[in-house]
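Taken in order, the sequence shown gives residues 0 to 262; the numbers are from numbering that gives the first Met the number 0. Beta carbons: idealized from backbone N, C-alpha and C, even for Gly. Please read these numbers as outputs of a predicted model, since none were measured by experiment. For reference, the structure discussed in these notes is given below.
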Amino acid sequence: MVETPRQTADELLKFALKMTKECGTTAMKYYGRGDPHVKFDDGLITEAEIAILGTAKDQLDRLTPQPTIYGEGEIGTSYKHGGGGYLWVIDPIDGTASFQAGIPVWGISVALFENFWPIFGIFYMPVTDELYWAMEGGSAYKNSAKISIGEVHEIDNESLLLTYSRFHQDFGSTFPGKIRNLGSAAAHIMYVASGRAEGALFKNVSFKDLAAAQIILNAAGGEIVFLDGKTFHLSEYLDGQKITDPLIAVPKGEYKFISGYIR
């Protein structure tokens, strides 16, 4: 029996970029179709997420027999250190409220891990056709253009802090610039990674929400830390538990430029 040659990381990235855009095409068939008479159309979101994951699974099944997909069964039984296996982490819709309401700030996350080590991350926003991606240890890109974070030299009234919807209930703030919630934690992180926002604050997220975004942010020169400055290790949340303590995405080593304004 002839063994199928193992794909290189570059080949897998090329495959995943194409797959993610195809998932975006599927997603657009459902985008903005939420029932206007309800605050949140769960039925539409469920239908859309099933369809998007179906597109991804169809592509992955052609790539490799029985791919390991995060959230499909117990990770520990088929995926372990030294096993040489790949783990695909797919979040079909990050920003579900925006998606069902027809607001363009949402996207699809895809990350690949091998033996728990990150290989690459992808975040695609189909409405605006913004494809963010990075290989672990490499550079970060938006479509074909390299992106990176500039240093935060000062915070002023033009600075932008992105937050979650209940930020005003949890915190007081003296931040002198603009505070906005655009509805997608992963998109917020991409805006930090590309230098369009000084920071992004979020909580109640999970491994799946951050797997791709963190890889891209790190490659762009940023980091995710707890709001109090403690180191954040995403791998500690592989079991799917919610991360309830607040996190912040910022240029590496500069969390105090933001955290000092939040109490």
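What did DSSP end up calling residue 126 once you bin it into helix, strand or coil?
Within the sequence shown, the letter at position 127 stands for residue 126. Correct three-state label for residue 126: coil.
Looking only at C-alpha atoms, which of 212, 153, 183, 170 sits nearest to residue 226?
Along the sequence shown, read from residue 1 onward, the residue named residue 226 stands at position 227. Looking at 212, 153, 183, 170, the one whose alpha-carbon comes closest to that of residue 226 is 170.
Three-state class that DSSP yields for residue 140 in the structure shown
In the sequence shown, residue 140 corresponds to position 141, counting from 1. Correct three-state label for residue 140: strand.
Just grab the DSSP bridge partners of residue 110 for me.
If you number the sequence shown from 1, residue 110 lands on position 111. Residue 110 is bridged by DSSP to 88, 120.
Cutoff 7 Å; reference residue 127; Cβ partners in own chain excluding five residues on either side
Here residue 127 refers to the residue found at position 128 of the sequence shown. Its chain contains 103 as the residues whose beta carbon lies nearer than 7 Å to that of residue 127, once the 5 sequence neighbours on both sides are disregarded; these appear in chain order.
Could you name the residues of the same chain whose beta carbon sits closer than 8 Å to that of residue 43, not counting the 5 residues immediately before and after it, in chain order?
One-based indexing of the sequence shown puts residue 43 at position 44. Excluding sequence neighbours, residue 43 sits near 29, 32, 33, 34, 99.
Considering only C-alpha positions, which residue in the set 190, 176, 184, 221 is nearest to residue 207?
The count along the sequence shown starts at 1 and reaches residue 207 at position 208. Measuring from the Cα of residue 207, the nearest candidate turns out to be 184.
Using the three-state DSSP reduction, which class does residue 196 fall into: helix, strand or coil?
Locating residue 196 in the sequence shown gives position 197, counting from the first residue. Reduced to three states, the DSSP call for residue 196 is coil.
Can you tell me which of 205, 132, 64, 162 puts its alpha carbon nearest to the alpha carbon of residue 178?
On the sequence shown, position 179 is the one that residue 178 refers to. With distances taken between Cα atoms, residue 178 lies closest to 162.
Roughly how many angstroms separate the alpha carbons of residue 236 and residue 115, rounded to a whole number?
Mapped onto the sequence shown, residue 236 falls at position 237. Mapped onto the sequence shown, residue 115 falls at position 116. Straight-line Cα distance between these residues: approximately 12 Å.
Applying the 10 Å Cβ sphere with the 16-neighbour rule, what's the burial state of residue 255?
Your numbering for residue 255 matches position 256 in the sequence shown. It counts as exposed.
From residue 201 to residue 245, what does the alpha carbon distance come to, in whole angstroms?
Here residue 201 refers to the residue found at position 202 of the sequence shown. Here residue 245 refers to the residue found at position 246 of the sequence shown. Roughly 6 Å between the two C-alpha positions.
Own chain, CB closer than 7 Å to residue 214, minus 5 neighbours either side, in chain order:
One-based indexing of the sequence shown puts residue 214 at position 215. Same-chain partners within the cutoff: 110, 117, 119, 120, 133, 135.
With distances taken between CB atoms, is the gap from residue 106 to residue 123 smaller than 8 Å?
The sequence position of residue 106 within the sequence shown is 107, counting from 1. The sequence position of residue 123 within the sequence shown is 124, counting from 1. Taking 8 Å as the Cβ cut-off, residue 106 and residue 123 qualify as a contacting pair.
Starting from residue 223, trace the beta strand (DSSP E) in both directions and tell me its first and last residue.
Here the question's residue 223 lines up with position 224 in the sequence shown. Element bounds for residue 223: 221 to 225.
Residues of its chain near residue 228, where Cβ-Cβ distance is below 8 Å and the 5 sequence neighbours each way are ignored:
Taking the first residue of the sequence shown as position 1, residue 228 is located at position 229. Cβ neighbours of residue 228 beyond the five flanking positions: 254, 255, 258.
According to DSSP, simplified to helix, strand and coil, what is residue 61?
For the purposes of this step, residue 61 is identified with residue 62 of the sequence shown, where counting begins at 1. Looking at residue 61 - three-state DSSP - the assignment turns out to be helix.
Starting from residue 177, trace the beta strand (DSSP E) in both directions and tell me its first and last residue.
To locate residue 177, count along the sequence shown from 1; it is residue 178. Its beta strand (DSSP E) spans residues 177 to 179.
Take the Cβ of residue 93 as the centre, count every other Cβ of all protein chains shown within 10 Å, and call the residue buried at 16 or more, exposed below.
Along the sequence shown, read from residue 1 onward, the residue named residue 93 stands at position 94. Its Cβ being crowded by 16 or more others within 10 Å, residue 93 is buried.
Going by the beta-carbon positions, is the gap between residue 140 and residue 148 smaller than 8 Å?
Along the sequence shown, read from residue 1 onward, the residue named residue 140 stands at position 141. Along the sequence shown, read from residue 1 onward, the residue named residue 148 stands at position 149. It is not a contact, given that the beta carbons lie outside the stated cut-off.
If you run the structure through DSSP and keep just helix, strand and coil, what is residue 191?
For the purposes of this step, residue 191 is taken as residue 192 along the sequence shown, with counting starting at 1. Of the three classes helix, strand and coil, the one that applies to residue 191 here is helix, per DSSP.
In chain order, what residues of the same chain have a beta carbon less than 6 Å from the beta carbon of residue 142, not counting five sequence neighbours either side?
Here residue 142 refers to the residue found at position 143 when the sequence shown is read from its first residue. Only 130 meet the Cβ criterion.
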